[in-house]
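These protein sequences, in sequence, are chains A and B. Be aware that the first sequence starts at 806, since it is given in my numbering, and climbs by one per residue. Be aware that the second sequence starts at 20, since it is given in my numbering, and climbs by one per residue. The beta carbon of each residue, even a glycine, is placed where N, CA and C say it ideally should be. On a predicted model such as this, the values are computed, not experimentally measured, just so you know.
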Amino acid sequence: MFQENEVINLILALISILMFAFIFKKMGIPRLRLLYIGFIFILCGYLFTVIEGVIWLEFFNLLEHLCYALSGISFAAGCLSIIRHSTSEQAKNYV
Amino acid sequence: MYENIITIIDIISTCAFGVALLFAVRIPRSIMDQPSKTFLALSLGIYVFVGLSNILEHGQITDYLDRYEDYVEIFFPLFFLYFIYSVITRQELNNREQAEKALRKTLKEREELERIVNYSPAVVFLWRAAEGWPVEFVSDNVQQYGYSPEDFYSKRVDFASIVHPDDLERVAAEVARYSQEGRKDFVQEYRILTKGGEIRCIDDHTQVRHDSNDEITHYQGIVLDITERKRAEEALRESEDKLRNIVENSTNMFYSHTTDHILTYLSPQVHDILGYKPEEAMVKWTELASDNPINEEGFQRTEKAIKTGKVQAPYELELVHKSGKIVWAEIREAPIVENGKTISIVGALIDITERKRAENAIKESEEKYRTLIESANDAVFIADVETGIILDINKRAEELLSMPAEKIIGMHQSQLHPKEKAEQYRKIFKDHIQKGKAISGEDLFVCNKDGHKIPVAISASVTKIKGRKVIQGFFRDITERKQAEEEKKTLEDQLRQAQKMEAVGRLAGGVAHDFNNILTAIMGYSNIMQMKMSEDDPLQADVDQILGASHRAAQLTHSLLAFSRQQIIHPKPTKLNEIILKVEKLLSRLIGEDIEIRTMLADKDLTIMADSGQIEQVLMNLATNARDAMPEGGLLTISTELMELDSHFIKTHCYDVKPGRYCLISVADTGIGMDENTKKRIFEPFFTTKELGRGTGLGLSIIYGIITQHDGFIDVLSKPGKGTTFKIYLPVIKSSIEETEADTLPPQKGGTETVLVAEDDETVREIIKTILDRFGYKVIEAVDGEDAVIRFKENKDKIDLVILDVIMPKKNGKMAYDEIKELRPEIKAIFTSGYTTDLIDKKGILEEGINFIQKPVSANELLRKIREVLEGDEKSAI
Numbered sequence: 806m807f808q809e810n811e812v813i814n815l816i817l818a819l820i821s822i823l824m825f826a827f828i829f830k831k832m833g834i835p836r837l838r839l840l841y842i843g844f845i846f847i848l849c850g851y852l853f854t855v856i857e858g859v860i861w862l863e864f865f866n867l868l869e870h871l872c873y874a875l876s877g878i879s880f881a882a883g884c885l886s887i888i889r890h891s892t893s894e895q896a897k898n899y900v
Numbered sequence: 020m021y022e023n024i025i026t027i028i029d030i031i032s033t034c035a036f037g038v039a040l041l042f043a044v045r046i047p048r049s050i051m052d053q054p055s056k057t058f059l060a061l062s063l064g065i066y067v068f069v070g071l072s073n074i075l076e077h078g079q080i081t082d083y084l085d086r087y088e089d090y091v092e093i094f095f096p097l098f099f100l101y102f103i104y105s106v107i108t109r110q111e112l113n114n115r116e117q118a119e120k121a122l123r124k125t126l127k128e129r130e131e132l133e134r135i136v137n138y139s140p141a142v143v144f145l146w147r148a149a150e151g152w153p154v155e156f157v158s159d160n161v162q163q164y165g166y167s168p169e170d171f172y173s174k175r176v177d178f179a180s181i182v183h184p185d186d187l188e189r190v191a192a193e194v195a196r197y198s199q200e201g202r203k204d205f206v207q208e209y210r211i212l213t214k215g216g217e218i219r220c221i222d223d224h225t226q227v228r229h230d231s232n233d234e235i236t237h238y239q240g241i242v243l244d245i246t247e248r249k250r251a252e253e254a255l256r257e258s259e260d261k262l263r264n265i266v267e268n269s270t271n272m273f274y275s276h277t278t279d280h281i282l283t284y285l286s287p288q289v290h291d292i293l294g295y296k297p298e299e300a301m302v303k304w305t306e307l308a309s310d311n312p313i314n315e316e317g318f319q320r321t322e323k324a325i326k327t328g329k330v331q332a333p334y335e336l337e338l339v340h341k342s343g344k345i346v347w348a349e350i351r352e353a354p355i356v357e358n359g360k361t362i363s364i365v366g367a368l369i370d371i372t373e374r375k376r377a378e379n380a381i382k383e384s385e386e387k388y389r390t391l392i393e394s395a396n397d398a399v400f401i402a403d404v405e406t407g408i409i410l411d412i413n414k415r416a417e418e419l420l421s422m423p424a425e426k427i428i429g430m431h432q433s434q435l436h437p438k439e440k441a442e443q444y445r446k447i448f449k450d451h452i453q454k455g456k457a458i459s460g461e462d463l464f465v466c467n468k469d470g471h472k473i474p475v476a477i478s479a480s481v482t483k484i485k486g487r488k489v490i491q492g493f494f495r496d497i498t499e500r501k502q503a504e505e506e507k508k509t510l511e512d513q514l515r516q517a518q519k520m521e522a523v524g525r526l527a528g529g530v531a532h533d534f535n536n537i538l539t540a541i542m543g544y545s546n547i548m549q550m551k552m553s554e555d556d557p558l559q560a561d562v563d564q565i566l567g568a569s570h571r572a573a574q575l576t577h578s579l580l581a582f583s584r585q586q587i588i589h590p591k592p593t594k595l596n597e598i599i600l601k602v603e604k605l606l607s608r609l610i611g612e613d614i615e616i617r618t619m620l621a622d623k624d625l626t627i628m629a630d631s632g633q634i635e636q637v638l639m640n641l642a643t644n645a646r647d648a649m650p651e652g653g654l655l656t657i658s659t660e661l662m663e664l665d666s667h668f669i670k671t672h673c674y675d676v677k678p679g680r681y682c683l684i685s686v687a688d689t690g691i692g693m694d695e696n697t698k699k700r701i702f703e704p705f706f707t708t709k710e711l712g713r714g715t716g717l718g719l720s721i722i723y724g725i726i727t728q729h730d731g732f733i734d735v736l737s738k739p740g741k742g743t744t745f746k747i748y749l750p751v752i753k754s755s756i757e758e759t760e761a762d763t764l765p766p767q768k769g770g771t772e773t774v775l776v777a778e779d780d781e782t783v784r785e786i787i788k789t790i791l792d793r794f795g796y797k798v799i800e801a802v803d804g805e806d807a808v809i810r811f812k813e814n815k816d817k818i819d820l821v822i823l824d825v826i827m828p829k830k831n832g833k834m835a836y837d838e839i840k841e842l843r844p845e846i847k848a849i850f851t852s853g854y855t856t857d858l859i860d861k862k863g864i865l866e867e868g869i870n871f872i873q874k875p876v877s878a879n880e881l882l883r884k885i886r887e888v889l890e891g892d893e894k895s896a897i
């Protein structure tokens with residue numbers, strides 16, 4: 806069964822992706838790849854959450870939690886990367 | 020199991036998001052602004068919350084949070100989207116800031132560039148490639164030419180209008196040509212007119228701009244004012260022209276050469292001086308010089324200039340003209356130094372050949388003058404008239420003063436003369452100098468190093484040498500002349516004395532001649548009287564008195580003849596020392612016991628040609644005088660020695676004798692001595708210092724006559740109170756002494772032979788005839804020489820002997836004898852005379868073979884001589 810919040814999340818996430826796509830196209834993508842990856846894993850988690858309500862609950866639920874874990878690791882790695890490059894001139898390009 | 024896996028995954032997930040949240044909080048603001056960080060943190064915090072909720076739910080601790088989980092999770096996309104937006108916004112802001120910053124920087128740089136351009140002398144132009152070259156840009160510093168940029172922008176002025184009209188055509192043509200040639204840039208020099216009409220020279224560096232079709236659209240140029248440079252160049256050119264004019268119109272030659280002496284420049288004067296064209300002589304500098312070693316010094320100076328980079332002193336060089344003749348040059352060189360290293364030598368060559376010739380001529384003249392002066396027999400002194408300081412002398416002057424030139428030069432001229440004469444001489448010099456007269460032959464004295472006065476004849480005159488007034492003096496040493504004058508005076512005195520003595524001698528001889536005739540008569544008749552008288556006749560004593568007086572008178576006439584050197588001497592080789600030893604014994608009795616006699620005879624055998632009796636008489640006379648000079652007693656020293664008298668000694672003592680070996684007999688007494696006046700007169704006959712009756716005044720006169728007759732001379736050294744020394748010099752001979760038999764007087768006896776008696780004095784003739792008649796001879800008388808010859812012819816075969824008076828009228832005895840000898844060569848003859856001049860030579864020596872009887876003659880002597888001649892061997896025959 807679909808839950809409302811999960812569907813809303815998925816819709817918001819999809820809208821966000823569209824907005825990213827628009828922004829990226831217009832304004833260029835900032836160099837925050839690991840954060841984007843983490844965001845993608847989140848979206849995947851949202852998607853698996855919706856799917857688990859239809860088929861293979863346990864499997865997609867596992868995937869959902871794995872996606873969240875990978876997303877957390879990506880964010881942590883992304884933030885650490887930003888801090889490490891904070892002293893160099895290149896770091897300015899992250900923002 | 021499944022739940023556990025999910026729980027573990029959630030724990031990992033929660034931890035990962037928690038860590039990410041912590042990192043996000045710690046991101047510096049310089050990297051990420053606060054809103055972005057906030058939304059990132061909120062996004063991450065949502066999943067920390069979701070993870071915790073899941074863990075708590077799986078652990079069945081509580082599901083309370085689960086109800087909010089789904090709602091919270093909705094905000095994640097929003098927060099994250101807003102985070103992204105914030106980041107992008109921030110990034111945009113950053114980009115804009117950077118762009119603004121870059122713009123500001125660009126503007127600042129442009130301002131700096133404009134400031135640099137405007138403050139620089141170079142004006143930047145951009146003009147279109149169109150007619151008149153309209154200017155599209157010009158830098159503000161165009162104001163230095165009086166224009167403003169607006170003048171160009173407003174089209175009031177275009178670029179062509181500022182170009183000087185005289186240069187515009189050339190500039191336009193050049194631009195067109197360069198453009199056609201496709202050159203991208205080019206440089207031009209031309210003149211422009213300022214707004215005020217002033218002409219300026221510019222250097223225009225132009226670049227050509229093309230459009231996409233490669234068509235020239237614009238020219239952009241940098242215009243630099245080079246007016247001052249041009250003026251400087253013009254001034255430099257003018258200066259160079261002037262210099263070139265000077266160089267090329269100078270009489271000197273200019274050149275430059277490398278440090279290897281290779282000539283790099285020669286001014287045209289090389290043709291005038293050395294005969295080469297400049298291009299012909301571009302060889303090694305040293306090759307133009309001759310091989311004269313004198314050039315080495317000059318080349319060494321050039322080398323030194325090259326090494327040190329310093330200017331050396333000028334030097335002279337002997338060069339060779341193209342024609343081969345020698346050219347003398349004075350060289351002045353200077354090194355050209357760059358970075359401390361000499362790169363070349365520049366020099367000026369001055370032709371000094373004529374000067375050199377003149378110098379050589381002067382030098383030769385000076386050398387000639389110097390040689391003349393140096394070789395002069397006279398000492399030459401050159402002294403400053405004002406100061407009297409001696410400036411120069413010649414070699415002879417050094418010899419004259421026995422001082423080196425260094426010592427003489429610098430002395431005051433008055434120092435040359437004796438101090439006591441200096442003032443007198445100074446006046447002489449001053450007087451002549453003031454009157455402008457030359458001094459000629461002035462006899463003065465100079466002093467040599469030892470203070471010895473040297474007589475000199477001075478000739479001096481005032482002249483100028485190198486503008487300096489000097490007195491040139493020639494000092495001729497007249498010592499010899501003075502000595503000669505002294506000698507001459509002495510000789511004259513001696514001659515006068517000799518003439519006087521000769522005159523006195525002649526007088527004495529003349530008197531003696533007549534007096535002897537008288538004495539002959541007196542003595543002859545006295546002898547006859549004695550012969551006729553008995554021995555006890557009372558008149559016998561009176562006749563003895565007559566004969567005694569006659570003998571004394573005869574001795575007196577004999578002394579006079581001795582003084583006048585008219586007496587007959589019989590010189591034989593005689594040992595002098597033997598005579599002195601013989602006389603010494605007699606002298607001890609003659610001079611008394613108060614006087615000591617000391618003889619110091621030479622060891623050598625001193626043999627002289629002398630009449631020993633005469634020498635004995637000399638010694639006796641001297642001893643007698645010495646005795647009279649030592650009334651209180653004293654010492655009489657007689658010494659002999661052998662001496663070698665050279666011409667110098669004879670000359671200095673002024674004796675008329677020959678140089679050679681002489682015996683010196685010194686007779687010295689310690690008596691009262693004599694003054695000079697007495698000494699001069701002692702040999703005069705009848706001059707005596709003895710009291711009346713003690714001396715005849717003939718003693719020293721006889722000595723003088725005897726010594727002179729023996730070819731000797733006599734010298735007297737005497738001073739009052741210091742005694743007298745007579746030095747008698749007699750020539751030594753080498754011939755051996757012939758032992759002569761002692762004279763033995765044969766007894767008087769008569770004869771029967773016929774004798775021709777020729778005597779002009781009747782009294783004498785009579786007494787001779789009487790004596791000869793008495794002793795058995797036959798006598799034929801003749802009254803003179805001519806009568807004698809006639810009588811002899813008449814009785815040529817009878818006559819055995821001829822007695823001839825030497826002095827007779829008509830023919831003298833000698834002439835008569837010569838004629839008689841022609842009639843009968845073996846005839847024997849005896850000459851008689853009281854005056855023997857005609858029979859003896861000038862030294863008083865009888866001619867060989869002549870038999871002679873000195874008047875007054877005694878009867879005994881006459882008879883003895885007649886027998887001696889008649890009975891003599893052929894040696895006595897004529």
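Given a threshold of 16 other Cβ atoms within 10 Å of its Cβ, counted over all protein chains shown, does B/GLN873 qualify as buried or as exposed?
Walking along the second sequence from the start, residue 873 of chain B turns up at place 854. Counting other Cβ atoms within 10 Å of its Cβ, B/GLN873 reaches 16 or more and is therefore classed as buried.
Per-residue burial, B/ALA878 [other beta carbons within 10 Å of its own, 16 or more giving buried]
Within the second sequence, numbered from 1, the residue matching residue 878 of chain B stands at position 859. Within a 10 Å sphere around the beta-carbon of B/ALA878 sit 16 or more other beta-carbons, which makes this residue buried.
Member of B/GLU247, B/ILE787 and B/ILE74 whose CA lies at the smallest distance from the CA of B/ILE849:
As a working mapping, residue 849 of chain B is identified with position 830 in the second sequence. Taking the Cα of B/ILE849 as reference, the smallest distance to any Cα among B/GLU247, B/ILE787 and B/ILE74 is reached at B/ILE787.
Own chain residues within Cβ distance below 8 Å of B/ALA416, not counting five before or after:
On the second sequence, position 397 is the one that residue 416 of chain B refers to. Cβ neighbours of B/ALA416 within its own chain (closer than 8 Å, five residues either side excluded): ALA398, VAL399, PHE400, ALA424, ILE427 and PHE494.
With a Cβ-Cβ cutoff of 7 Å, do B/ILE490 and B/ALA402 count as a contact?
If you number the second sequence from 1, residue 490 of chain B lands on position 471. If you number the second sequence from 1, residue 402 of chain B lands on position 383. Against a cut-off of 7 Å, the Cβ pair of B/ALA402 and B/ILE490 comes out as a contact.
Paired residues, beta bridge with B/ASP824 - DSSP
The residue given as residue 824 of chain B occupies position 805 in the second sequence. BP columns for B/ASP824 point to B/THR851.
Touch test, the region 243 to 259 of chain B against the region 171 to 180 of chain B, Cβ-Cβ under 8 Å, three pairs minimum
Result no; under three Cβ-Cβ pairs closer than 8 Å.
Interface residues of chain B around A/PHE827 at Cβ under 9 Å?
Taking the first sequence and counting its residues from 1, the one referred to as residue 827 of chain A is at position 22. Chain-ordered listing is empty here: chain B has no CB closer than 9 Å to the CB of A/PHE827, the nearest sitting near 11 Å.
Any beta carbon of chain B sitting closer than 7 Å to that of A/GLY877?
By one-based count along the first sequence, residue 877 of chain A stands at place 72. A/GLY877 counts as touching chain B.
Using a Cβ-Cβ distance under 7 Å, would A/ILE813 count as near chain B?
As a working note, residue 813 of chain A is residue 8 in the first sequence. It does; some Cβ of chain B falls within 7 Å.
At least one CB of chain B closer than 7 Å to the CB of A/GLN895: is that the case?
By 1-based counting over the first sequence, the position of residue 895 of chain A is 90. Unreliable placement is indicated for A/GLN895, whose pLDDT of 48 sits below 50; the coordinate value is still reported in the next sentence. Cβ-Cβ to chain B under 7 Å: no for A/GLN895.
Length-filtered (4 minimum) alpha helix (DSSP H) runs lying within the region 616 to 658 of chain B
The qualifying runs are 631 to 648.
Skipping 5 residues on each side, what residues in its chain have a beta carbon closer than 7 Å to that of B/THR659?
Residue numbering aside, residue 659 of chain B sits at position 640 when the second sequence is read from its first letter. LEU595, ASN596, ILE599, LEU620, ALA621, LEU625, CYS682, LEU683 and ILE684.
What's the C-alpha gap between B/LYS847 and B/VAL888?
Translated into the one-based positions of the second sequence, residue 847 of chain B becomes position 828. Translated into the one-based positions of the second sequence, residue 888 of chain B becomes position 869. Computed Cα separation, rounded: 7 Å.
CB contact check: A/GLU903 to chain B, cutoff 7 Å
Here chain A comprises residues numbered 806 to 900, so residue 903 of chain A is not present and cannot be evaluated.
On the three-state DSSP scale, how would you describe B/ALA457?
In the second sequence, residue 457 of chain B corresponds to position 438, counting from 1. Secondary structure of B/ALA457 (DSSP, three-state): coil.
Considering only the beta carbon of each residue, do B/ARG228 and B/THR236 sit closer than 7 Å?
In the second sequence, residue 228 of chain B corresponds to position 209, counting from 1. In the second sequence, residue 236 of chain B corresponds to position 217, counting from 1. Yes, these two residues count as a Cβ contact at 7 Å.
May I ask which residues mark the beginning and end of the alpha helix (DSSP H) holding B/MET834?
The residue you call residue 834 of chain B lines up with position 815 of the second sequence. That run of the alpha helix (DSSP H) goes 832 to 842.
Along the region 116 to 141 of chain B, where does the CB come closer than 7 Å to a CB of chain A? Name the residues.
Taking 7 Å as the upper bound on Cβ-Cβ separation, chain A lies near no residue of the region 116 to 141 of chain B.
Opening and closing residue of the beta strand (DSSP E) in which B/GLN53 lies:
Within the second sequence, numbered from 1, the residue matching residue 53 of chain B stands at position 34. Annotation for B/GLN53: no beta strand (DSSP E) segment contains it, though the alpha helix (DSSP H) segment containing it runs 53 to 77.
Using a Cβ-Cβ cutoff of 8 Å, what residues of the region 86 to 100 of chain B are near chain A? List them in chain order.
Those residues of the region 86 to 100 of chain B that come within reach of chain A (Cβ to Cβ, closer than 8 Å) are ASP89, TYR90, GLU92, ILE93, PHE95, PRO96, LEU97, PHE99 and LEU100.
Can you list, in chain order, the residues of its chain whose CB lies under 8 Å from that of B/GLY460, leaving out five sequence neighbours each side?
Your numbering for residue 460 of chain B matches position 441 in the second sequence. Same-chain partners within the cutoff: ALA476, ILE477 and SER478.
Hey, is the region 778 to 793 of chain B in contact with the region 728 to 740 of chain B, meaning 3+ C-beta pairs nearer than 8 Å?
No: the two stretches stay apart, fewer than three of their Cβ pairs being nearer than 8 Å.
Closest Cβ-Cβ distance between A/LEU823 and chain B: below 7 Å?
For the purposes of this step, residue 823 of chain A is identified with residue 18 of the first sequence, where counting begins at 1. Not closer than 7 Å to any Cβ of chain B, the Cβ of A/LEU823 fails to qualify, so no.
Can you list the beta strand (DSSP E) stretches of 3 or more residues lying completely in the region 131 to 195 of chain B, in chain order?
If we require 3 residues or more, the beta strand (DSSP E) runs fully inside the region 131 to 195 of chain B come out as 141 to 147 and 154 to 157.
Any beta carbon of chain B sitting closer than 7 Å to that of A/CYS849?
Walking along the first sequence from the start, residue 849 of chain A turns up at place 44. Output row for A/CYS849: interface = no.
When DSSP labels each residue in this structure, what does B/THR482 get in the three-state scheme?
As a first step, residue 482 of chain B is located in the second sequence; it is residue number 463 there, counting from the start. Collapsing the DSSP output to three states places B/THR482 in a strand.
Check whether the Cβ of B/LYS472 sits closer than 6 Å to any heavy atom of the ligand PLP, and report yes or no.
Here there are no bound small molecules, and the ligand PLP is not part of this structure.
From B/GLU880, B/ILE725 and B/LYS884, pick the residue whose C-alpha is nearest to that of B/ASN870; which is it?
Against the second sequence, residue 870 of chain B aligns to sequence position 851. Proximity to B/ASN870 across B/GLU880, B/ILE725 and B/LYS884 peaks at B/LYS884, based on C-alpha coordinates.
Short Cβ contact (7 Å threshold) for B/SER545 with B/LEU566:
Position 526 of the second sequence holds residue 545 of chain B. Position 547 of the second sequence holds residue 566 of chain B. Their beta carbons are under 7 Å apart, which means B/SER545 touches B/LEU566 by this criterion.
Verify the CB distance criterion: does A/LEU871 have a CB-CB separation below 7 Å to chain B?
Locating residue 871 of chain A in the first sequence gives position 66, where the first residue counts as 1. With 7 Å as the cut-off, A/LEU871 counts as an interface residue toward chain B.
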